[in-house]
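Participant:
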Amino acid sequence: MSRGHTLTLDGVTHRFGPVVAVRDVTLEIKAGELVCLLGPSGCGKTTLLRVIGGFLRQSAGCVLIDGAPVDPLPPNHRRVGIVFQNYALFPHMTVAENVAYGLEARGMPRGRIREQVAAMLGLVRMEAFAERYPRELSGGQQQRVALARALAVEPQILLLDEPFGALDKNLRIDMQIEVKRLQREAGITSILVTHDQEEALSIADRIAVLHRGAVAQFASPTEVYDRPATLFVNTFVGAANLLRGRVADGGAAVALDCGAVLPCPVGPELAPGAGVVVTVRPERLGFAAGPARDRLAATVRAVLPLGSLTIHEVELGDGSAIKVMAVRQAGEPALRPGDRVHCEVVSPDACAVFPEEDRERGDA
Amino acid sequence: MPERARLDFDAWSFRLVMGGLTAVTVFFLLFPTVIVILTSFTASESLKFPPDGYSLRWYAALLGADQMRRAAWNSLEVAVMATAASVALGTAGALAIGRSRAWWAHALDSLFMSPLLLPGLAFGFAALMYVSLLGVELSLATLTVGHIVVCVPFVLRTTIASLAQLDPALLDSSASLGASPLFTFRRVTLPMIGRGIGAGAFIAFMASFDNIPVSLFLSDARTEVLPIHLWQIIDTHLDVRAASVSAVLIVLTLLLMLVAERLAGLSRHLR
Ligand SMILES: Nc1ncnc2c1ncn2[C@@H]1O[C@H](COP(=O)(O)OP(=O)(O)O)[C@@H](O)[C@H]1O
Ligand SMILES: [Mg+2]
């Protein structure tokens, strides 16, 4: 198996006429790493993947594998494997013929092809289906075959475009585990495209969050979740409550429109009095006994028990609604709609502060 | 209830159209065919239905009809050559313009399809004038070229239709697996569009074999083709051999269609 190749994108931009689909993307992907390209649909994920695969020539910038530019190479000389969302298995060939295809294209001798096909089908546990046609397989099985076919030619980079999109939820989790296992075993540098943040958080070594064609943040899942770089990342990855306010206390706190004053880490670029948006995740809010300067007075609107957790929707003094998540206690819910409560942020670093303009630009 | 009335109306109009179409088809296509076949077995000298007695004498007469055999052979030769050329040109054309969204692809598509819209007689006459203007003698070659022009659109249409069905991700996958464009064409594109090409070839062959308007103008005296010869023997002496050869053609066509259906599911590509 091929061990580890690095992939570098250096200022890659791609335009379709006036539309800038990919905007100055620079990413350094380490050997053997699994990176998720995460973003809403239309943000340029597929376009970026097609540039890396050599199917599209970017308008500007450079793609490098192991530090060497591959831009002049056509797809069949790039050694970049790709698995499409609909698997794109050759319908007129059996499973074994599909897996053998790339090896035949490279002129490998028959005997070695047979061994390699057997090994690949073993790897994805599809030996028993070698003589079946793709139409005789389930979605998950087709995906295993597509993976075996792509891995058989030992590509340096593996690209997966929304590979789990067509699978139902249970199968999706199985296949995520499977892909992660195969990717680890092969030690192959991989890029997985998804618009599903949970998928990205669970499977990726690092996540590149794309927003309108540009990289909004490139970091580990915990970093992206706990320290989102932009308001967009904050709201796209995980749930977030948005609270409007103004910088107060000489930059040490934010005076919220609903009346509370929250101590927060306000960046030096935000002057006192500047309009800001404070974000807090629902699980980082709790209920406290009485009123205080840094507590949010609210009225419970709805209580949704979700197994081990309970989500409360509460309305603040300024009429805005936020969500508070709490571990569910045994018995009847302690709170009912209409109850007056006081919400508290579990720690100051649970808040993130972004300039008001970000929200007005439509980032959230 | 208005809803109920509408349903009734839908059901009735459906039955009316289906029934009407079926009746027309049976009456004007099936009956004449059956009558020709029955008449061809007549024992008498004339094309009369129903025949007074039955025999195979007009089929035996076909064996001795040298001129007709020559005409049939010419027709077959032209049809085979025109079909082969149409497959090569039509497939190449379809590959070039089938996937392109450029304006020139649309323009070329319309240009290549125009022989289907242009009345055959007008094209045949124009071609004749042009050929004589160029000072070229009429021959099997001019006839074949004329047939190619009217046969290419069939192959082009069916091949473009099957290319439209071809998932581009298959071609991208093939390339990413290291296959050259030629390997991809042989192993993926061709097998996937082969049936479309075959269906087009079948229609092109039939269109050439019974083409009259173009043959009328572009064949010389020595290369008489079957449909025109048939017309002449009916026109001059109501020859019963016209019926027997028609029966042979009908049966051969049906057999060819059955084989094509078996091999390639032809009918799915004619829609
Ligand atoms: N072939 C194309 N021609 C013109 N615009 C395109 C083409 N492909 C994609 N786009 C545009 O580029 C943007 C990014 O598309 P895409 O990369 O497919 O997004 P994603 O995969 O993230 O959903 C979209 O606005 C889309 O409309
Ligand atoms: Mg996409």
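Chains as they are written, first to last, in my numbering: chain A, 17 to 380; chain B, 46 to 316.
A virtual CB, placed ideally from N, CA and C, is assigned to each residue, including glycine.
All of these numbers come straight from a predicted model, not from anything done at the bench.
In chain order, what residues place their C-beta within less than 5 Å of a heavy atom belonging to ligand 4?
Facilitator: Of the ligands one can find in the structure shown, namely ligand 1 and ligand 2, none is ligand 4.
Participant: Got a sec: is the Cβ-Cβ distance from A/A164 to anything in chain C below 7 Å?
Facilitator: Absent here is chain C; the protein component of the structure consists of chains A and B.
Participant: Between the alpha carbons of A/S363 and A/R300, how many angstroms are there, rounded?
Facilitator: Annotation: A/S363 to A/R300 spans about 8 Å, alpha carbon to alpha carbon.
Participant: Using the beta-carbon of each residue, which ones in chain B are nearer than 8 Å to A/Y117?
Facilitator: From the beta-carbon of A/Y117, the residues of chain B found nearer than 8 Å are S219, L222, A224 and R232.
Participant: By Cβ distance below 8 Å, which residues in the same chain neighbour A/G156 in space, the five residues on each side in sequence not counted?
Facilitator: Within the same chain, A/G156 has close Cβ partners L183, L187, D190 and M191.
Participant: Give the DSSP-derived three-state secondary structure of A/V362 in the structure shown.
Facilitator: A/V362 falls in the coil class under three-state DSSP.
Participant: Just verifying my parser: in three-state terms, what is the DSSP assignment at B/H151?
Facilitator: helix
Participant: Grouping DSSP H, G and I as helix and E and B as strand, with all else coil, what is B/I257?
Facilitator: coil
Participant: My assumption, with CB atoms under 8 Å, is that B/P236 sits in contact with A/H108. Please give the rounded CB distance.
Facilitator: 5 Å
Participant: Report, in whole angstroms, the separation of the C-beta atoms of A/A216 and A/L54, which I expect to be a contact under 8 Å.
Facilitator: 4 Å
Participant: Could you check the C-alpha separation between A/R148 and A/A168 for me, to the nearest Å?
Facilitator: 18 Å
Participant: Going along the chain, which unbroken runs of the alpha helix (DSSP H) with 4 or more residues stay wholly within the stretch 220-265 of chain B?
Facilitator: Whole alpha helix (DSSP H) segments, 4+ residues: 226-229, 235-254 and 258-263.
Participant: Tell me whether A/M341 sits in a helix, a strand or coil according to DSSP, three-state version.
Facilitator: strand
Participant: From the beta carbon of B/A214, is the nearest beta carbon of chain A less than 7 Å away?
Facilitator: yes
Participant: Below 8 Å on the Cβ atoms is my guess for A/G229 versus A/G335; work out the distance and round it to an integer in Å.
Facilitator: About 36 Å; that fails the 8 Å criterion.
Participant: In whole angstroms, give me the CA-to-CA distance for B/A172 and B/E269.
Facilitator: 17 Å
Participant: What three-state label does DSSP hand A/R31 in the structure shown?
Facilitator: strand
Participant: Considering B/F168, what are the terminal residues of the alpha helix (DSSP H) in which it resides?
Facilitator: G165 to L178
Participant: In angstroms with no decimal places, state the Cα-to-Cα distance between B/Y104 and B/A147.
Facilitator: 55 Å
Participant: Determine, for A/F71, whether the minimum Cβ-Cβ distance to residues of chain B falls below 7 Å.
Facilitator: So, interface residue.
Participant: Can you confirm whether A/I98, when its beta carbon is compared against all beta carbons of chain B, has any partner nearer than 7 Å?
Facilitator: yes
Participant: Between the stretch 191-209 of chain B and chain A, which residues of the former have a C-beta closer than 7 Å to a C-beta of the latter?
Facilitator: none
Participant: State yes or no: is the beta carbon of A/R222 nearer than 7 Å to at least one beta carbon in chain B?
Facilitator: Chain B places no beta carbon closer than 7 Å to that of A/R222, leaving this residue out of the contacts.
Participant: Say whether chain B places a C-beta atom closer than 7 Å to the C-beta of A/N186.
Facilitator: no
Participant: Just to confirm, is the Cβ distance from A/A144 to A/V111 under 7 Å?
Facilitator: no
Participant: I'd like to check one pair, B/S131 with B/C196: are the Cβ atoms closer than 7 Å?
Facilitator: yes
Participant: Determine, for B/P96, whether the minimum Cβ-Cβ distance to residues of chain A falls below 7 Å.
Facilitator: no
Participant: Under DSSP, the beta strand (DSSP E) around A/L272 begins and ends at which residues?
Facilitator: A269 to L272
Participant: Does chain B have any CB closer than 7 Å to the CB of A/S18?
Facilitator: Below a pLDDT of 50, predicted positions are generally treated as unreliable, and A/S18, at 46, falls in that range; no measurement from the model is reported.
Participant: Using only CA atoms, which one of A/Q345, A/F106 and A/P88 lies nearest to B/V233?
Facilitator: A/F106
Participant: Which of the three DSSP states is assigned to A/S4 in this structure?
Facilitator: Chain A is shown only over 17 to 380; residue 4 of chain A falls outside these bounds and no answer can be derived.
Participant: Any chance the stretch 228-244 of chain A sits against the stretch 33-45 of chain A, with 3 or more Cβ pairs inside 8 Å?
Facilitator: yes
Participant: Which whole runs of the alpha helix (DSSP H) in the stretch 57-109 of chain B are 4 residues long or more, in chain order?
Facilitator: List check, alpha helix (DSSP H) in window: 76-85 and 102-109.
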